[in-house]
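A.B. asks: Under full-length UniProt numbering, the first residue of the first sequence is numbered 1, with each subsequent residue one higher.
A virtual CB, placed ideally from N, CA and C, is assigned to each residue, including glycine.
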Amino acid sequence: MKRLLLLDGHSLAYRAFFALPAENFSTSTGQHTNAVYGFTSMLINVLRDTEPTHLGVAFDVSRQTFRTEEYAEYKAGRATTPNEFKGQVSLVKEVLDAMGVAHIELDGYEADDILATLTTQAVDQGFDEVLLCSGDRDALQLVGDKVTVLYPVKGVSELARMTPAAVEEKYGVPPERYSDLAALVGEKSDNLPGVPGVGPKTAAKWLTTYGDLTGLVASIDQIKGKAGESVRAHLDGVLRNRRLNQLLTDVPLELGPDDLVRADWNRDEVHRVFDGLEFKVLRDRLFATLGTSEPEAEGNVDVDGEVVAEGGAEKALASLTGRTGVHVLGTWARGTGDAAGIGLAGDDGRALYIDLTALTPDDEKPLAAWLADESKPKAMHDAKGPMHALDARGLTLRGLTSDTAIAAYIVRPDQRSYGFDDLLLRYCHIELPQAGDAASGQGMLDLGGTATAETDDVMARAAAVAKLATALDEAVAEVGGTELMADLEMPVVDVLAGMEKAGIAVDLDELQSLESDYDALVVQAQHDAWDAIGGEQVNLGSPKQLQTVLFETLGMPKTKKTKTGYTTDAEALADLYEKEPHPFLEALLRHRDSSKLRSTVAGLIKSVADDGRIHTTYQQTIAATGRLSSTDPNLQNIPIRTESGRRIRRVFVVGEGYECLMSADYSQIEMRVMAHLSGDEGLIHAFNEGEDLHRFVGSRVFGVEPDGVTPEMRAKVKAMSYGLAYGLSAFGLSKQLRISTAEAQRLMDGYFERFGGVRDYLRHVVDDARAVGYTETMMGRRRYLPDLASDNRQRRDMAERMALNAPIQGSAADIMKKAMLGVDEALRDGEYASRVLLQVHDELILEIAEGEREAVEKLVREQMGSAADLDVPLDVNVGTGASWQDAEH
DNA sequence: CCTGTCACGTA
DNA sequence: CGTACGTGACAGGA
């Protein structure tokens with residue numbers, strides 16, 4: 001039995017480089033190893049799964065090949081190889097040398113040509129099987145009875161087995177026609193454009209009809225329709241693509257397939273190389289795969305699982321040691337859920353599974369007590385949802401010292417997604433056993449056999465979350481986030497869970513009547529718009545159709561360009577209306593307004609729960625600055641600016657059994673943060689005197705008495721003050737205020753002259769961020785901004801604006817979170833029935849119980865006002881009323 | 001059905 | 001050529 005495994009080293013390492021974040025894979029000396037790690041991990045897996053007798057890895061040498069000679073644009077436009085990747089290829093080769101794996105490269109040829117040549121030779125020489133592992137789809141043309149391509153589908157852990165049947169199923173053509181298909185469709189990454197308007201489906205249909213590309217060319221005049229015209233116009237390109245995507249099978253190699261027989265590997269060399277790369281777990285996995293009799297002690301991830309029998313909970317819980325990893329089996333959404341089981345794992349690898357659907361009182365009592373015991377430290381991943389599920393079973397969870405999603409967010413707040421399996425691989429270099437396969441090998445969590453069962457999976461996850469939490473504790477400490485985590489983010493989880501569970505009451509009848517009101521306005525506006533253009537029934541919601549009407553039918557002047565044409569946004573339409581007050585524009589703007597409000601209302605109606613309340617979900621790990629976000633529905637963007645929009649706020653009402661809603665919002669919190677951080681004496685003075693900020697700033701900038709500041713002056717200054725916190729330029733200010741750039745520049749100069757502290761602060765904050773690589777909020781929340789060093793000006797400018805804004809927006813977010821904790825705690829301490837329902841960045845909405853209004857107002861003012869110690873006061877406005885709208889005054 | 005784009009609501 | 005979000009509609013590819 002001869003089985004040859006061939007890998008495209010460059011493409012696989014490159015994939016690994018992007019699949020694994022560089023910052024989590026580097027040695028103590030700073031050498032990045034993510035590409036080496038990912039490639040080696042992939043190699044070990046594929047060796048384990050395929051057990052080849054012969055093995056080789058091909059590399060590209062340079063970009064100069066016969067393909068670039070024929071077509072200079074071949075692979076042009078590719079981003080330059082990142083510096084962090086360069087150098088890792090030679091490390092990959094060191095790994096291969098240590099493992100005794102041959103690697104092959106030849107100037108002027110791509111790795112895939114080498115693979116193609118070896119594959120052809122191996123088949124000719126009677127090999128039983130050839131396996132090609134490549135991230136380049138061109139390799140699919142080689143697939144045959146004895147040749148299978150292993151194509152990485154996502155990340156570094158999953159390979160698709162592309163047999164002839166699989167190729168045909170995916171692309172609709174057999175492997176020998178794949179290159180014809182690719183020539184028609186094009187290959188973006190190689191800069192080979194295909195036929196416009198022709199996708200894989202059309203191409204496959206043609207190739208089936210005409211046999212192959214040659215047949216297609218012979219009958220090319222018979223192809224009907226637009227696609228036919230298109231392919232005739234682009235035939236030269238197609239034929240060129242076909243010449244270029246043909247892999248060479250006659251590369252003059254020094255080694256043949258038989259020379260690739262697996263050689264002995266050098267244990268000492270593996271130790272030396274892997275030591276240098278600081279690969280511990282991977283080394284264990286390698287030794288396990290290569291069949292060593294020497295399993296190394298480190299990286300032991302055995303889990304000893306036990307499904308707790310009836311009546312055994314108390315004793316089992318008592319046996320848990322250290323911080324317990326918790327994983328809940330169940331479902332959750334919109335402030336509620338359902339939990340079926342719970343996995344608990346101590347730090348000694350002992351894990352328990354407790355079925356929650358059939359708990360006897362004898363088990364439930366100790367479990368509930370243990371879960372609620374603050375002194376039993378616990379770790380979970382994304383705990384808020386599971387907490388709802390437990391809550392639905394009457395179980396309260398306390399003592400959470402780590403939520404691994406939040407920990408990862410503190411370490412890198414820009415990621416937006418913190419999947420458990422990814423974090424586990426990144427921070428612990430551990431993989432969970434997948435359903436269906438028993439765990440095996442080092443670096444895999446191993447429950448000793450029945451890894452397919454759901455209970456085992458839950459226990460494995462509980463054990464994994466405990467390990468992950470420990471690894472992340474360290475990572476959090478490295479970014480100085482330990483306190484932020486313990487004192488702010490973790491306690492906030494509880495508060496948010498409470499808010500989500502409570503929800504906010506709405507007047508459903510009123511919502512429905514609003515919907516029909518807005519619907520009538522939409523219909524009327526649509527009618528007026530259609531009338532205004534002679535009855536043509538254009539879809540007013542389609543930017544594309546609007547462009548036709550505005551710029552062709554009506555011949556209006558072109559607006560600002562977008563990627564796909566010209567903008568039809570409200571600002572541009574208003575501009576057009578000034579130049580040309582066409583009734584269509586007026587009706588269109590009305591239609592926009594009304595349909596937006598209608599869909600907002602429709603969304604709210606859909607999300608009213610059975611209890612007559614809307615339960616939003618707060619996301620704590622999304623906004624890179626530290627803010628919360630709200631989804632399903634988003635209650636942080638309910639209209640307020642227009643009267644018709646404010647009607648929507650009237651449907652958010654006080655619930656039964658409560659007296660009123662209370663709104664408490666910070667006044668100008670970001671400006672106050674800026675005053676504090678900059679230490680600017682003028683701004684600090686203004687806030688301390690309790691003056692109208694914009695009037696005060698206006699009087700200084702324009703050199704008049706505060707009473708002499710006109711509304712126009714005040715509006716300009718207000719726009720500028722807020723703009724500064726976002727990195728506004730004179731150009732941007734001029735556009736917003738509809739003044740000349742020169743006048744905008746004079747305004748800004750005047751501002752900075754009077755408020756030099758602000759200017760100095762804004763300058764320093766960017767410089768400092770560039771020097772250390774991150775910005776920091778008042779409570780130590782970091783945001784890393786590598787693009788500050790980018791040589792791309794657009795990216796660098798963007799990063800600079802983020803650096804300007806992140807400490808201001810982020811500090812305000814910190815303060816609000818602190819205030820929420822204070823308010824929540826004070827409400828509990830005072831045993832009030834009133835509760836916090838919503839947070840809208842600088843505003844809290846509370847539901848006030850009968851007779852508690854005055855006391856709660858006092859407590860809210862105290863807690864919000866003292867959430868941070870600034871050089872300026874934190875002013876809080878409080879209002880109450882029967883609806884959100886009424887409370888805001 | 002999924003994905004990208006546009007548009008627009010909030011702080 | 002002003003930050004941070006989420007949602008809905010359309011359009012184009014399947």
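(1) Classify residue 1: buried if its beta carbon has 16 or more other beta carbons within 10 angstroms, exposed otherwise.
(2) Give the range of the beta strand (DSSP E) segment to which residue 122 is assigned.
(3) Per the DSSP calculation, residue 175 is bridged to which residue(s)?
(4) Which value, in whole angstroms, describes the spacing of the CA atoms of residue 714 and residue 557?
(5) Tell me which residue opens and which closes the beta strand (DSSP E) that residue 773 is part of.
(6) With a 10 Å radius around its C-beta and 16 neighbouring C-beta atoms as the bar for buried, classify residue 640 as buried or exposed.
(7) Can you tell which of 484, 863, 550 and 491 has its C-alpha closest to the C-alpha of residue 565?
(8) With distances taken between CB atoms, is the gap from residue 347 to residue 380 smaller than 7 Å?
(9) Using the C-alpha atoms, what's the distance from residue 337 back to residue 331?
(10) Buried or exposed for residue 772, going by 16 or more other Cβ atoms inside 10 Å?
(11) Assign residue 478 to one of two classes, buried (16 or more other C-beta atoms within 10 Å of its C-beta) or exposed (fewer than that).
(12) Mark residue 851 as exposed unless 16 or more other C-beta atoms lie within 10 angstroms of its C-beta, in which case mark it buried.
(13) Using the Cα positions of residue 229 and residue 599, report the straight-line distance between them to the nearest angstrom.
(14) Going by DSSP, what residues sit across from residue 561 in a beta bridge?
(15) Alpha carbon to alpha carbon, how far is residue 358 from residue 392?
(16) Contact defined as beta carbons within less than 8 Å: I believe residue 844 pairs with residue 823. What is the distance between those atoms, to the nearest angstrom?
(17) Can you give the Cα-Cα distance for residue 910 and residue 263, rounded to whole angstroms?
(18) To the nearest angstrom, how far is the alpha carbon of residue 874 from that of residue 840?
(19) Over the uninterrupted alpha helix (DSSP H) stretch that includes residue 214, give me the two end residues.
(20) What is the DSSP secondary structure of residue 281, reduced to helix, strand or coil?
(21) Measure the alpha-carbon distance for residue 756 versus residue 790 and round it to whole angstroms.
(22) Assuming residue 615 contacts residue 334 under a Cβ cut-off of 8 Å, what Cβ separation, rounded to an integer in Å, is found between them?
(23) Nearest to residue 751 by CA position, among 788, 696 and 712, is which residue?
(24) Going by C-alpha distance, which of 384, 555 and 81 is nearest residue 493?
(25) So what does DSSP say about residue 296, is it helix, strand or coil?
(26) Alpha carbons only, please: which of 178, 190, 799 and 194 is nearest the one belonging to residue 935?
(27) Distance, Cα to Cα, residue 75 vs residue 191?
(28) Starting from residue 839, follow its DSSP beta bridges and name the residues at the other end.
(29) Taking only runs that begin and end inside the segment 670-732, name each unbroken alpha helix (DSSP H) of 4 or more residues, in chain order.
(30) Just how far apart, CA to CA, sit residue 758 and residue 151?
(31) Name the DSSP bridge partner or partners of residue 47?
(32) I think residue 129 touches residue 146, with their Cβ atoms under 8 Å apart; what is that distance to the nearest whole Å?
(33) What residues are listed by DSSP as bridge partners for residue 129?
(34) So, with DSSP's three-state summary, where would you put residue 884?
(35) Given that a residue counts as buried once 16 or more other Cβ atoms are within 10 Å of its Cβ, and exposed if not, what is residue 711?
(36) With three or more beta-carbon pairs closer than 8 Å as the criterion, would you say the segment 252-259 touches the segment 82-93?
C.D. replies: Looking at the coordinates:
(1) exposed
(2) Here residue 122 belongs to no beta strand (DSSP E); instead the alpha helix (DSSP H) covers 111-124.
(3) Bridge partners of residue 175: none, in fact.
(4) Distance between the alpha carbons of residue 714 and residue 557 is about 33 Å.
(5) Here residue 773 belongs to no beta strand (DSSP E), and DSSP marks it neither H nor E.
(6) exposed
(7) 550
(8) no
(9) 5 Å
(10) exposed
(11) exposed
(12) exposed
(13) Roughly 42 Å separates the two Cα atoms.
(14) Per the DSSP secondary-structure output, residue 561 pairs in a beta bridge with 566.
(15) A direct Cα-Cα distance of roughly 14 Å separates residue 358 from residue 392.
(16) 7 Å
(17) No answer is possible for residue 910: it lies beyond the span of the chain, which begins at 1 and ends at 889.
(18) For the pair residue 874 and residue 840, the Cα-to-Cα distance works out to about 17 Å.
(19) 213-218
(20) Residue 281: helix per DSSP, three-state reduction.
(21) 29 Å
(22) Contact flag correct, Cβ pair sits at about 4 Å.
(23) Nearest neighbour of residue 751 by Cα position, chosen from 788, 696 and 712, turns out to be 696.
(24) 384
(25) Note that residue 296 has pLDDT 33, beneath the 50 cutoff, so the model's placement of it is unreliable and no number is given.
(26) The question about residue 935 has no answer, for the chain in this structure spans 1 to 889.
(27) 5 Å
(28) 844
(29) Counting whole runs of 4 or more residues, the segment 670-732 contains the alpha helix (DSSP H) stretches 681-688, 693-702 and 711-724.
(30) 55 Å
(31) DSSP, once it has assigned bridges, lists no residue as partnering residue 47.
(32) 6 Å
(33) 3
(34) Here residue 884 sits in helix by DSSP.
(35) exposed
(36) no
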